[in-house]
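A.B. asks:
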Amino acid sequence: MRAMFAETRLTPDRFILPIFIHDHDDAAPIDGMPGQARLSVALAVDQAKAAAAVGVKGVLLFGVPARKDHDGSGAADPDGIVPRTVRAMRDALGDSVVLVADCCLCSYTDSGHCGITNERGVIDNARSVAQLAAVATTYATAGADLIAPSDMMDGRVAAIRQAMSAAGHGDTGILSYAAKSASAFYGPFRDAADCAPQQGDRRAYQLDPGNGREALRAILRDVEEGADAVIVKPAGTALDIIAEARATTNVPIAAYQVSGEFAALHAAAERGWLDLRAATLESLTAIHRAGADLIVTYAALDAARWLADG
Ligand code: PBG
Numbered sequence: 486m487r488a489m490f491a492e493t494r495l496t497p498d499r500f501i502l503p504i505f506i507h508d509h510d511d512a513a514p515i516d517g518m519p520g521q522a523r524l525s526v527a528l529a530v531d532q533a534k535a536a537a538a539v540g541v542k543g544v545l546l547f548g549v550p551a552r553k554d555h556d557g558s559g560a561a562d563p564d565g566i567v568p569r570t571v572r573a574m575r576d577a578l579g580d581s582v583v584l585v586a587d588c589c590l591c592s593y594t595d596s597g598h599c600g601i602t603n604e605r606g607v608i609d610n611a612r613s614v615a616q617l618a619a620v621a622t623t624y625a626t627a628g629a630d631l632i633a634p635s636d637m638m639d640g641r642v643a644a645i646r647q648a649m650s651a652a653g654h655g656d657t658g659i660l661s662y663a664a665k666s667a668s669a670f671y672g673p674f675r676d677a678a679d680c681a682p683q684q685g686d687r688r689a690y691q692l693d694p695g696n697g698r699e700a701l702r703a704i705l706r707d708v709e710e711g712a713d714a715v716i717v718k719p720a721g722t723a724l725d726i727i728a729e730a731r732a733t734t735n736v737p738i739a740a741y742q743v744s745g746e747f748a749a750l751h752a753a754a755e756r757g758w759l760d761l762r763a764a765t766l767e768s769l770t771a772i773h774r775a776g777a778d779l780i781v782t783y784a785a786l787d788a789a790r791w792l793a794d795g
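With my numbering applied, the sequence shown covers 486 to 795.
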């Protein structure tokens, strides 16, 4: 009877699994994210195969480069970690997994900021957007299906759309992190991607978590600029924004269950305070119920297996 009347049903094809790739041959476990590691290109391909095997349809690729510089120029290197991973995954998996390339500078700049800073340490929006458009074009050329700009600079979706079209990649989609707030829940990720800001914080470009109307405006603006789908992030603290976005727009909506949400569930479960499986599936169900078509989650593989077990 419960199954018959269930309103919300999770399926693995709605999950997108983030994967961190570094320039080493081994796997480096990530503190604060049990079961997650920075992987070599070859191991990342294996991980994408594991995702496909349990029905997870998408992977979200984060490069963790060995070298950084002021402008984050490594992000636009055609032989950088992400382009190499995209090519290797496409060779090994064909079209069975959707390859989403996270597009940001924060792992590539020595400032740790998502854009290029000027001599006063302040973001130069115009230079940042030009660089991000070059990075997106590089990933599109490598064969990514979707580009996911997570930098939050103003006007980057339009610039990326224009640059990719000019380079002959008009068919590459944009999954924009449109409503991304300056959150305390990104801690473990910043260790994983080695991208903590060296000075200051990200409040100049990420949204105030209390501003729901501004988040809606940011979503509508990205759609206007040419985003094919949008991401709300973090997910668990923004269920109202997901629901409003669902009611206001007709683009597909993704929500990102971020590193801190994942870490909190695991930490409580390790102490015996929560049941990991039940709490994870409940949190993912709530995100889907709120209106997210897609869920980016580090728990994608576990959740897919749990759902298959019934
Ligand atoms: C930065 C980026 C962040 C995340 C994804 N892309 C961190 C930040 O904005 O500081 C966070 C993801 C997570 O916490 O799981 N481009």
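Heads up, the beta-carbon is just placed ideally off N, CA and C, and yes, glycines get one too. What you are looking at is a predicted structure, and each value in this text was computed from that prediction instead of being measured.
1. Starting from the C-beta of LEU759, find all residues in its chain whose C-beta is less than 6 Å away, skip the five residues before and the five after it, and write them out in chain order.
2. Rounded to a whole number of angstroms, what is the C-alpha to C-alpha distance between ALA611 and SER558?
3. How do the stretch 550 to 567 and the stretch 587 to 594 stand: do at least 3 beta-carbon pairs fall below 8 Å, yes or no?
4. I want to check one thing, is the minimum distance from the CB of PHE500 to the heavy atoms of the ligand PBG below 7 Å?
5. Of all the options ALA763, ALA627 and ASP794, which has the alpha carbon lying nearest to the alpha carbon of ALA652?
6. Cα separation between ILE727 and LEU546?
7. Nearest by alpha-carbon distance to ALA644: which of LEU617, ALA533, VAL567 and PHE505 is it?
8. Tell me whether GLN742 sits in a helix, a strand or coil according to DSSP, three-state version.
9. Under a Cβ-count criterion, where at least 16 other Cβ atoms within 10 Å of its own Cβ denotes burial, should MET489 be classed as buried or exposed?
10. Report all residues from its chain with a CB closer than 6 Å to the CB of VAL797; omit the five preceding and five following residues, and keep chain order.
11. Starting from SER661, trace the beta strand (DSSP E) in both directions and tell me its first and last residue.
12. Rounding to the nearest angstrom, what Cα-Cα distance links ALA633 and ILE504 in this structure?
13. Can you check which of these residues, ASP564, ASP576 and LYS665, is closest to TYR624 by C-alpha distance?
14. Distance check for LYS718 and LYS534, CA to CA, integer angstroms please.
15. What span of residues does the alpha helix (DSSP H) with ILE457 cover, start to end?
16. Would you say the beta carbon of TYR624 is closer than 7 Å to some non-hydrogen atom of the ligand PBG?
17. With a CB to CB cut of under 7 Å and the five nearest residues on each side skipped, what residues in its chain are close to GLY540?
18. My output table needs one value for GLY543: the three-state DSSP class, helix, strand or coil.
19. Could you give the DSSP three-state label for ILE608: helix, strand or coil?
C.D. replies: On the basis of the data shown:
1. What you label residue 759 is simply residue 274 of the sequence shown in a count that begins at 1. If we look at LEU759 and ignore the five residues flanking it on each side, its Cβ neighbours are ALA753.
2. One-based indexing of the sequence shown puts residue 611 at position 126. One-based indexing of the sequence shown puts residue 558 at position 73. Approximately 15 Å between the Cα atoms of the pair.
3. yes
4. Working through the sequence shown from its first residue, we reach residue 500 at position 15. The answer is no for PHE500.
5. To locate residue 652, count along the sequence shown from 1; it is residue 167. Comparing Cα-Cα distances from ALA652 to each of ALA763, ALA627 and ASP794, the minimum goes to ALA627.
6. In the sequence shown, the residue the question calls residue 727 occupies position 242. In the sequence shown, the residue the question calls residue 546 occupies position 61. Computed Cα separation, rounded: 23 Å.
7. Counting from one through the sequence shown, the residue named residue 644 turns up at place 159. The residue with the shortest Cα to Cα distance from ALA644 is LEU617.
8. Locating residue 742 in the sequence shown gives position 257, counting from the first residue. Strand.
9. Here residue 489 corresponds to residue number 4 of the sequence shown, with the count starting at 1. Its Cβ having fewer than 16 others within 10 Å, MET489 is exposed.
10. The requested residue 797 does not occur in the structure, where the chain is confined to residues 486 to 795.
11. Reading the sequence shown from its first residue, position 176 is the one you call residue 661. It spans 658 to 665 - the beta strand (DSSP E) in which SER661 sits, taken as one unbroken run.
12. Here residue 633 refers to the residue found at position 148 of the sequence shown. Here residue 504 refers to the residue found at position 19 of the sequence shown. Each residue's alpha carbon lies about 14 Å from the other.
13. Taking the first residue of the sequence shown as 1, we reach residue 624 at position 139. TYR624 has its Cα closest to that of ASP564, out of ASP564, ASP576 and LYS665.
14. Here residue 534 refers to the residue found at position 49 of the sequence shown. Here residue 718 refers to the residue found at position 233 of the sequence shown. The straight-line gap from Cα to Cα measures roughly 26 Å.
15. Only positions 486 to 795 of the chain appear in the structure, and residue 457 is not among them; the question remains open.
16. Along the sequence shown, one-based indexing puts residue 624 at 139. Not under cutoff, so the answer is no.
17. Residue mapping note: residue 540 aligns to position 55 of the sequence shown, counting from 1. So the qualifying residues of the chain are PRO497, ASP498 and ALA789.
18. For the purposes of this step, residue 543 is taken as the residue at position 58 of the sequence shown. Looking at GLY543 - three-state DSSP - the assignment turns out to be strand.
19. For the purposes of this step, residue 608 is taken as the residue at position 123 of the sequence shown. Three-state result, ILE608: strand.
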